[in-house]
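K.L.:
This structure is in structure tokens; I'll ask about it shortly.
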């Protein structure tokens, strides 16, 4: 009798274990399959932007921040586009460089409107320029030279600089202080000069790259990793070959897209730092510094 009791006890234990195993198997089958961990797709290789360096003597520079406006929040990623050469345009056939005649342009804003209208007539005005910014600079004619002056009243020519925008960011070239399109308008309303440095952008296949923050960018600047690309004063004005800079006060900084001089190339984001410096001549000069904004560069 004892043997039969042990037999039935083991028999029922086997049945219970089999039942539990069946239930566990059903639950495992019905549970959603875990998503396999996939590696982050490798981004296409991207070379550092080719900045044009200002002709200054090497050496450490002390940088100081005195911003007029706090930089806007930096996005985590920004797309990079392909930039290709734009079809050239022969402006010499339609530009009237006659400076004679009574002044008809009454303000810098009116001159900017004339420049925009002229570009539109020649079908060179683009949606990116429409979304962008412009600045009017005052020029004076002295003999065979043209040089900056401080006011509209003293100017003979008005140089209107247009910067295109993409994704709400300015597109800048080797000198961020100069627009991608520059139009000279005389006081008589005649267009004197047009200079274009714009690319055709392929926005069909953008690739997103991680962007460094303003804090990270500023740290790199203080570590001498930025490139001084432009000074408002030219070396020839003072008869020296190179300037020695000791300190720069930065009063403006922003994210922008950088357009290479040699196309085709990638249109990629950079940090721009602009401010003032004192030259060895004692003169004050504006200075522009560029830094790649891509995290991997």
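In our numbering, the protein residues as written are 81 to 377.
Here a beta-carbon is modelled for each residue, glycine too, at the ideal position from N, C-alpha and C.
1. Here's a check: name, in chain order, each residue in its chain whose Cβ is nearer than 6 Å to the Cβ of residue 302, leaving out the five neighbours to either side.
2. Measuring alpha carbon to alpha carbon, tell me which residue in 368, 326, 361 is nearest residue 309.
3. Express the C-alpha separation of residue 197 and residue 189 in angstroms, rounding to a whole number.
4. Let me know if residue 376 comes out buried or exposed under the rule of 16 or more other beta-carbons within 10 Å of its beta-carbon.
5. Work out the CA separation of residue 209 and residue 187 for me, nearest whole Å.
6. Count the CB pairs spanning the stretch 281-291 and the stretch 161-181 that are closer than 8 Å, and state whether there are at least three.
7. When you compare only the Cα positions, how much space is there between residue 138 and residue 373?
8. In terms of alpha-carbon separation, which member of 131, 262, 126, 185 lies closest to residue 171?
9. Taking the alpha helix (DSSP H) that residue 199 falls in, what are its first and last residues?
10. Given a cut-off of 9 Å on the beta-carbon distance, is the pair residue 243 and residue 145 in contact?
11. Comparing alpha-carbon positions, which option in 341, 349, 323, 347 lies nearest residue 135?
12. Whole angstroms is fine: what's the gap from residue 131's alpha carbon to residue 349's?
13. So if DSSP puts residue 259 in a beta bridge, which residue, or which two residues, is it bridged to?
14. Would you decide whether residue 125 is buried or exposed? Buried here means 16 or more other CB atoms lie within 10 Å of its CB.
15. Do residue 220 and residue 234 have their C-beta atoms within less than 9 Å of each other?
P.N.:
Working from what's here:
1. Counted from its first residue, the chain shown places residue 302 at position 222. Closer than 6 Å at the Cβ level, and outside the excluded window around residue 302, lie 143.
2. Counting from one through the chain shown, the residue named residue 309 turns up at place 229. Of the listed residues, the one whose Cα sits closest to residue 309 is 368.
3. For the purposes of this step, residue 189 is identified with residue 109 of the chain shown, where counting begins at 1. For the purposes of this step, residue 197 is identified with residue 117 of the chain shown, where counting begins at 1. For residue 189 and residue 197, the distance between alpha carbons rounds to 12 Å.
4. By one-based count along the chain shown, residue 376 stands at place 296. Counting Cβ neighbours within 10 Å, residue 376 comes out exposed, since fewer than 16 surround it.
5. The count along the chain shown starts at 1 and reaches residue 187 at position 107. The count along the chain shown starts at 1 and reaches residue 209 at position 129. Spanning the two alpha carbons is a distance of roughly 21 Å.
6. With a cut-off of 8 Å, the stretch 161-181 and the stretch 281-291 count as touching, because enough Cβ pairs lie within range.
7. The residue you call residue 138 lines up with position 58 of the chain shown. The residue you call residue 373 lines up with position 293 of the chain shown. In a straight line, the C-alpha of residue 138 is about 23 Å away from that of residue 373.
8. Locating residue 171 in the chain shown gives position 91, counting from the first residue. Measuring C-alpha to C-alpha distances from residue 171 to each of 131, 262, 126, 185 identifies 262 as the nearest.
9. Numbered from 1 along the chain shown, position 119 holds the residue referred to as residue 199. Residue 199 -> alpha helix (DSSP H) spans 188-201.
10. Within the chain shown, residue 243 is the residue found at index 163, counting from 1. Within the chain shown, residue 145 is the residue found at index 65, counting from 1. Result no, Cβ atoms of residue 243 and residue 145 do not sit closer than 9 Å.
11. Position 55 of the chain shown, counted from the first residue, corresponds to residue 135. Nearest neighbour of residue 135 by Cα position, chosen from 341, 349, 323, 347, turns out to be 323.
12. In the chain shown, the residue the question calls residue 131 occupies position 51. In the chain shown, the residue the question calls residue 349 occupies position 269. Distance between the alpha carbons of residue 131 and residue 349: 13 Å.
13. As a first step, residue 259 is located in the chain shown; it is residue number 179 there, counting from the start. Residue pairing for residue 259: DSSP places it in no beta bridge.
14. Here residue 125 is taken as the residue at index 45 of the chain shown, counted from 1. Under this definition residue 125 is an exposed residue.
15. Translated into the one-based positions of the chain shown, residue 220 becomes position 140. Translated into the one-based positions of the chain shown, residue 234 becomes position 154. For residue 220 and residue 234, yes; Cβs fall inside 9 Å.
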